[in-house]
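For the sequence shown, our numbering gives the first residue as 524, with consecutive numbering after it.
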Amino acid sequence: MEYSPVCPSLLASWSSPVKKKLILISIMFLVWVCMLYSCVGYCSTVPSLVADTYRGKDTGPGQAVSRRTESSRVDLVSRLLAKPQPWEDVESDYEEASVRTGENRDLLDTDRDEWDKKAPDPGTMSSFSNGSGSKKLPQAIIIGVKKGGTRALLEFLRVHPDIRAVGAEPHFFDRNYQNGLDWYRDLMPKTLEGQITMEKTPSYFVTREAPARISAMSRDTKVIVVVRDPVTRAISDYTQTLSKKPDIPSFESLTFKNRTTGLIDTSWSAIQIGIYAKHLDNWLQYFPMDQILFVSGERLISDPAGELGRVQDFLGLKRIITDKHFYFNQTKGFPCLKKAEGSSKPHCLGKTKGRTHPNIDPEVVQRLRDFYRPFNMKFYQMTGHNFGWD
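If you want it as structure tokens, here you go:
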């Protein structure tokens, strides 16, 4: 059998080293082109994927087909992009600039707490939640009373996922009402559907115009009042002022118009605030009793979970804040949060809370108790609750 000379020549040409290199380069080029084509087609889906993940935009039919074609790759990227952050949906306003002005401060005005000063920057904490939700006027307001435990109540409530509260006291309904509701709304944190917006300004309770103004904003607003033994509250009020103004007159001299006759000076704000029945009369002209909740400042210390349960019920929220959120700090003498909002560490209110009260003449204390007793009795009758101050 004879062989054609063509076959050996072909074999010789294929076995040439130069030809082998050319063939190898051609194959590599074809593989590279295929990879480039696939990569371009895949990467083109990433921008729309990112937009859909962070903006919630709907995809068109073409994109839907593309995603079904490359479902495994897209699902992987989607999971990576949508990985939840530990601070997601945390709204923190601790560092929000105070709206107070120098001329508005009186002798017994409250400084911002250490809690506010040490808190995280809201810009950082809210980076993932600022894009969603909207700012709303508050549906619930803590209106008082000063030195009653309003700061503690607000910080405890902020643990609840369905409550968003502004950190600084807006003082809108007593000092900044002329700025308008749009200004007020802009101070509030963003909330999602089903969440409650709150603020606290203790001076509202004793501001004559506040009830009418809040009612004008919304008759459905729920108001919360933290009340405390008015004698202890007055001494606490004085202690706070003394820490800032050591040269003020003694508690005794400020309490009486005339020490000899024992006439109490009700023009002193520390005394006047504790006449709760008088201030409540003003609020009941605009709000029914079922829209006002009275929180015991004493029980907020002895049984914080119990009082927080009542507040959550009042706000129509699930009881999420329970005993497991608190521990008692023996040094300070009041409960602290095991985990504050936006933090994994235990936290107590700042050093401005739990100050040691000065020694007050027992006769002065007894005279004050006698003075407040009829007002307390009327307050118990109005609220249907005996707070046990007498």
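We treat Cβ as the ideally placed atom computed from N, Cα and C, and that holds for glycine.
What whole-angstrom Cβ distance do residue i and residue j have, given they're in contact under 8 Å?
{"i": "T724", "j": "P693", "result": "6 Å"}
{"i": "V749", "j": "Y895", "result": "The Cβ separation is near 17 Å, so there is no contact."}
{"i": "V745", "j": "L838", "result": "A small correction: the amino acid at residue 745 is Lys; Val does not occupy that position in the sequence shown. About 7 Å separates the two Cβ atoms, so the contact holds."}
{"i": "R708", "j": "K658", "result": "5 Å"}
{"i": "V834", "j": "L715", "result": "Their Cβ separation, rounded to whole angstroms, is 20 Å, which puts V834 and L715 out of contact at 8 Å."}
{"i": "R842", "j": "G856", "result": "Contact flag wrong, Cβ pair sits at about 26 Å."}
{"i": "L816", "j": "L676", "result": "Between L676 and L816 the Cβ distance is about 11 Å, and since that is not below 8 Å, they are no contact."}
{"i": "N899", "j": "D884", "result": "Contact flag wrong, Cβ pair sits at about 21 Å."}
So, with DSSP's three-state summary, where would you put residue i?
{"i": "N699", "result": "coil"}
{"i": "V818", "result": "strand"}
{"i": "A757", "result": "helix"}
{"i": "G672", "result": "coil"}
{"i": "N852", "result": "strand"}
{"i": "I546", "result": "helix"}
{"i": "V746", "result": "strand"}
{"i": "P897", "result": "helix"}
{"i": "G829", "result": "helix"}
{"i": "I883", "result": "coil"}
{"i": "I844", "result": "coil"}
{"i": "R708", "result": "helix"}
{"i": "P540", "result": "helix"}
{"i": "S621", "result": "Reliability fails at S621, whose pLDDT of 32 lies under 50, so the model's placement of it is uncertain and no value is given."}
{"i": "L860", "result": "strand"}
{"i": "R892", "result": "helix"}
Alpha carbons only, please: which of the options is nearest the one belonging to residue i?
{"i": "A688", "options": "R742, I719, W706", "result": "I719"}
{"i": "G820", "options": "M812, D743, L660, G829", "result": "G829"}
{"i": "Y850", "options": "I843, L860, I844, D697", "result": "L860"}
{"i": "V818", "options": "N882, I747, D884, I550", "result": "I747"}
{"i": "N909", "options": "L807, I737, D752", "result": "D752"}
{"i": "E678", "options": "Q814, T854, I844", "result": "I844"}
{"i": "K847", "options": "P858, M558, Q853", "result": "P858"}
{"i": "S790", "options": "R782, T784, L777, A800", "result": "L777"}
{"i": "A757", "options": "R742, M558, H880", "result": "H880"}
{"i": "T783", "options": "V887, T906, S549, R892", "result": "V887"}
{"i": "L710", "options": "I824, E716, M721", "result": "M721"}
{"i": "M812", "options": "I664, A663, M905, I550", "result": "M905"}
{"i": "A914", "options": "N852, Q814, I548, G672", "result": "No answer is possible for residue 914: the residues shown for the chain start at 524 and end at 913."}
{"i": "L485", "options": "Y799, K901, R842, L786", "result": "The question about residue 485 has no answer here: the residues shown for the chain are numbered 524 through 913."}
{"i": "Q853", "options": "S825, G832, K544, R842", "result": "S825"}
{"i": "D697", "options": "P734, P712, G717", "result": "P734"}
{"i": "S726", "options": "Y799, N882, D913", "result": "Y799"}
{"i": "S655", "options": "F695, V556, S549, P712", "result": "P712"}
So, for residue i: in the same chain, excluding its five sequence neighbours on each side, which residues have a beta-carbon less than 6 Å away from its beta-carbon?
{"i": "Y761", "result": "F774, A793"}
{"i": "S759", "result": "K670"}
{"i": "R623", "result": "Its pLDDT being 32, under 50, R623 is placed unreliably by the model, and nothing is read from it."}
{"i": "L553", "result": "none"}
{"i": "W914", "result": "Any property of residue 914 remains undetermined from this structure, which presents the chain solely from 524 to 913."}
Near residue i, which residues of its chain fall below 8 Å by C-beta distance, leaving aside the five closest residues on each side in sequence?
{"i": "L840", "result": "H683, D685, I686, I719"}
{"i": "S738", "result": "T744, Y809, F810"}
{"i": "Y903", "result": "N909, F910"}
{"i": "N699", "result": "V622, P693, W706, Y707"}
{"i": "D788", "result": "L777, T778, F779, K780, I794"}
{"i": "Q701", "result": "none"}
{"i": "K901", "result": "A800"}
Return the chain-ordered list of same chain residues with a C-beta closer than 7 Å to the C-beta of residue i, the five sequence neighbours on each side being excluded.
{"i": "F728", "result": "I666, G667, V668, V748, H802"}
{"i": "M740", "result": "L660, L704"}
{"i": "P827", "result": "F679, F849, P858"}
{"i": "K543", "result": "none"}
For a test of your reading of the model: does the CB of residue i fall under 6 Å from any non-hydrogen atom of the ligand ZN? Yes or no.
{"i": "K767", "result": "The ligand ZN is absent from the structure shown, which contains no ligand whatsoever."}
Uninterrupted beta strand (DSSP E) stretches inside the stretch 763-807 (no shorter than 3 residues): 779-781
Length at least 3, wholly inside the stretch 711-741: the beta strand (DSSP E) runs in chain order: 719-723
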